[in-house]
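Q: Going down the list, the sequences are from chains B and Y.
In this text, residue positions in the first sequence follow the working numbering: the first is 3, and each later residue adds one.
In this text, residue positions in the second sequence follow the working numbering: the first is 100, and each later residue adds one.
Below is the structure I would like to discuss, written out as structure tokens.
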Amino acid sequence: MKRIVLLAATLALVLPALSSDEGAVKKRRPLPYEYGRVVLNSYSEKSALAPVVFDHWRHRAKFSCRVCHVDIGFAMKAGATGINAADNIRGYYCGTCHNGKSVFDGKTLFQSCSKTLTDEDRMRCERCHSYGQTDRGDADFLRFAQALPRERFGNGLDWQQAEELGIIHPADFVPGISIKRKSLTIQQDFALSPKLQGMPDIIFSHKKHTVWNGCELCHPEIFVGVKRGTTRYSMVGIFEGKYCGVCHNTVAFPLTDCQRCHSKPMQAEAKE
Amino acid sequence: MKQAILLFAIVIAAVSLGAGQNAPPANSSGTSVEEWQKQFDEVCSKTQDAMTISIEELKSLIQKCDALEPQIQKLEETRKKVYQRRLGQCRGLYAYVLESKEKDKK
Numbered sequence: 003m004k005r006i007v008l009l010a011a012t013l014a015l016v017l018p019a020l021s022s023d024e025g026a027v028k029k030r031r032p033l034p035y036e037y038g039r040v041v042l043n044s045y046s047e048k049s050a051l052a053p054v055v056f057d058h059w060r061h062r063a064k065f066s067c068r069v070c071h072v073d074i075g076f077a078m079k080a081g082a083t084g085i086n087a088a089d090n091i092r093g094y095y096c097g098t099c100h101n102g103k104s105v106f107d108g109k110t111l112f113q114s115c116s117k118t119l120t121d122e123d124r125m126r127c128e129r130c131h132s133y134g135q136t137d138r139g140d141a142d143f144l145r146f147a148q149a150l151p152r153e154r155f156g157n158g159l160d161w162q163q164a165e166e167l168g169i170i171h172p173a174d175f176v177p178g179i180s181i182k183r184k185s186l187t188i189q190q191d192f193a194l195s196p197k198l199q200g201m202p203d204i205i206f207s208h209k210k211h212t213v214w215n216g217c218e219l220c221h222p223e224i225f226v227g228v229k230r231g232t233t234r235y236s237m238v239g240i241f242e243g244k245y246c247g248v249c250h251n252t253v254a255f256p257l258t259d260c261q262r263c264h265s266k267p268m269q270a271e272a273k274e
Numbered sequence: 100m101k102q103a104i105l106l107f108a109i110v111i112a113a114v115s116l117g118a119g120q121n122a123p124p125a126n127s128s129g130t131s132v133e134e135w136q137k138q139f140d141e142v143c144s145k146t147q148d149a150m151t152i153s154i155e156e157l158k159s160l161i162q163k164c165d166a167l168e169p170q171i172q173k174l175e176e177t178r179k180k181v182y183q184r185r186l187g188q189c190r191g192l193y194a195y196v197l198e199s200k201e202k203d204k205k
């Protein structure tokens, strides 16, 4: 009888773990140069090309998030834009800048897609359609990261400090695409109290976020609730990629860097 | 001679029409801006200070966004995809701020 009870208890513990994909597979933590990598395969393999590898770090040093995700129109979820070669050839999405004509930092940007396919074109295609091929990211990233301040997680870089120190200058305007806007009216920072007792409050800085994102990138697409306190955020939801998790776990510093959000100093407990 | 001039004119006209079809939008660079795009730029240039805009002005901006929607629907595939998203984000923000302000008023 004891054996049957023991077996039933073991099965009860093991079966749910086996039936759940999340329980069975442990995700590998991305290496610094892989963090923020997006693989796009809406049409690539169907067109006998390798999927596109997009590394955020290559672009975020040069442009604000808003330039690409508001002005150029890239969706916030990988694959949701449904970019195809025709879009790029027409001069939109990647083709907005990668058109073989635009000049950035004194270099002409390569054309992202074209109707012809010569050997030379194929080499150009492989600059983006590179999934599963030799990864140049590691060496390029090490070279790029040398001058930037370090952080513990994600890319291992403190992007915010890098901008404050003037090491990177993300442009917030692309001629012909961006709208000339007035300078931003910064909203006040506010504190959010976590559910877990003993965890420091979260200080949300509008300033830090709006500098790179503007307002319309987050509201209402990511943060729908208009009144503070009406949306109940949870770390489970955030880890699943909702709310802060849309960026913080994919591109911006990851959720494992707790103290960067839970940053309000704890008050010393009153002595009895 | 007349025929040659006529042919030349037709070719020039056809080439310019073809080039215009695939041309990326030109707004802030100041060349060949279409009327709907001028309106789009004007309406969506105020997202930066949406919180300081009055309720009445927000309502008017939302109406202007709605009026732009049918014009964007007529654009070619890619351009439509891009500007639908851009207009959606811009309108969404104004509606979001409006709702917030109206709740504060109550």
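Glycine included, each C-beta is placed from N, C-alpha and C at the ideal position.
If you're wondering where the values come from, they're calculated on a predicted model, not measured in any experiment.
Mind checking if GLU198 of chain Y is an interface residue toward chain B, Cβ cutoff 7 Å exclusive?
A: Indexing the second sequence from 1 puts residue 198 of chain Y at position 99. Taking Cβ atoms only, chain B reaches closer than 7 Å to GLU198 of chain Y, which makes this a yes.
Q: Counting only beta-carbon atoms, is ARG190 of chain Y nearer than 7 Å to chain B?
A: Residue numbering aside, residue 190 of chain Y sits at position 91 when the second sequence is read from its first letter. False, the Cβ-Cβ gap to chain B never drops below 7 Å.
Q: Any C-beta of chain Y within less than 9 Å: which residues of the region 33–56 of chain B qualify?
A: Listed by position, the residues of the region 33–56 of chain B near chain Y (Cβ gap below 9 Å) amount to none.
Q: Can you name the residues of chain Y whose CB is closer than 7 Å to the CB of THR187 of chain B?
A: The residue labelled residue 187 of chain B in the question sits at position 185 within the first sequence. The answer, in chain order, is GLN147, ASP148, MET150, THR151.
Q: Would you call the region 216–233 of chain B in contact with the region 183–194 of chain Y, where contact means no fewer than 3 C-beta pairs closer than 8 Å?
A: Yes, they touch.
Q: Would you say ARG183 of chain B lies against chain Y (beta-carbon separation less than 7 Å)?
A: Your numbering for residue 183 of chain B matches position 181 in the first sequence. Answer yes: the Cβ-Cβ gap between ARG183 of chain B and chain Y drops below 7 Å somewhere.
Q: Counting only runs that start and end within the region 161–199 of chain B, where is the beta strand (DSSP E) found for 3 or more residues in a row?
A: Whole beta strand (DSSP E) segments, 3+ residues: 192–194.
Q: Per DSSP, which one or two residues make a beta bridge with ARG39 of chain B?
A: Within the first sequence, residue 39 of chain B is the residue found at index 37, counting from 1. Bridge partners of ARG39 of chain B: B:ASP57.
Q: Tell me which same chain residues have a C-beta within less than 6 Å of the C-beta of PHE2 of chain B, skipping the five on either side of it?
A: Residue 2 of chain B is absent from the structure shown; chain B starts at 3 and stops at 274.
Q: Distance, Cα to Cα, PRO34 of chain B vs PHE206 of chain B?
A: For the purposes of this step, residue 34 of chain B is taken as the residue at position 32 of the first sequence. For the purposes of this step, residue 206 of chain B is taken as the residue at position 204 of the first sequence. One C-alpha to the other measures close to 25 Å.
Q: Span of the beta strand (DSSP E) holding PHE206 of chain B?
A: Reading the first sequence from its first residue, position 204 is the one you call residue 206 of chain B. PHE206 of chain B -> beta strand (DSSP E) spans 204–206.
Q: Sort B:ARG230, B:GLN135, B:ILE170, B:ASN43 by Cα distance to GLY81 of chain B and report the nearest one.
A: In the first sequence, the residue the question calls residue 81 of chain B occupies position 79. It is B:ASN43 whose Cα lies nearest to the Cα of GLY81 of chain B.
Q: Taking only the alpha-carbon atoms, compute the straight-line gap between SER144 of chain Y and GLN199 of chain B and give it to the nearest angstrom.
A: Along the second sequence, read from residue 1 onward, the residue named residue 144 of chain Y stands at position 45. Along the first sequence, read from residue 1 onward, the residue named residue 199 of chain B stands at position 197. Going by the C-alpha atoms only, they are around 43 Å apart.
Q: Pull up the DSSP beta-bridge partners for PHE65 of chain B, would you.
A: Numbered from 1 along the first sequence, position 63 holds the residue referred to as residue 65 of chain B. BP columns for PHE65 of chain B point to B:ALA173.
Q: Who are the Cβ neighbours of GLN183 of chain Y in its own chain at under 7 Å, not counting the five residues just before and after it?
A: Here residue 183 of chain Y corresponds to residue number 84 of the second sequence, with the count starting at 1. Taken in chain order, the residues that qualify are ILE171.
Q: I'd like to know if the region 147–162 of chain B and the region 252–266 of chain B are in contact, where contact means that at least 3 CB-CB pairs between them fall below 8 Å.
A: Yes, the region 147–162 of chain B is in contact with the region 252–266 of chain B.
Q: What in chain B is Cβ-close to ASP140 of chain Y, meaning under 9 Å?
A: The residue given as residue 140 of chain Y occupies position 41 in the second sequence. Near ASP140 of chain Y (Cβ distances below 9 Å), the residues of chain B are ILE181, LYS182.
Q: Between the alpha carbons of ASN126 of chain Y and LYS103 of chain B, how many angstroms are there, rounded?
A: The count along the second sequence starts at 1 and reaches residue 126 of chain Y at position 27. The count along the first sequence starts at 1 and reaches residue 103 of chain B at position 101. Unreliable positioning characterises ASN126 of chain Y in this predicted model, as indicated by a pLDDT of 47, which lies under 50. A coordinate reading is not provided.
Q: For LYS109 of chain B, which of helix, strand or coil comes out of DSSP?
A: Along the first sequence, one-based indexing puts residue 109 of chain B at 107. Residue state, collapsed to three classes: strand.
Q: To which residues of the same chain is ALA194 of chain Y closer than 7 Å at the C-beta, ignoring the five residues directly before and after it?
A: Along the second sequence, read from residue 1 onward, the residue named residue 194 of chain Y stands at position 95. Counting only Cβ-Cβ distances below 7 Å, and skipping sequence neighbours, we find ILE161.
Q: Going along chain B, which residues have a C-beta under 8 Å from LYS202 of chain Y?
A: In the second sequence, residue 202 of chain Y corresponds to position 103, counting from 1. Correct list: VAL228, LYS229.
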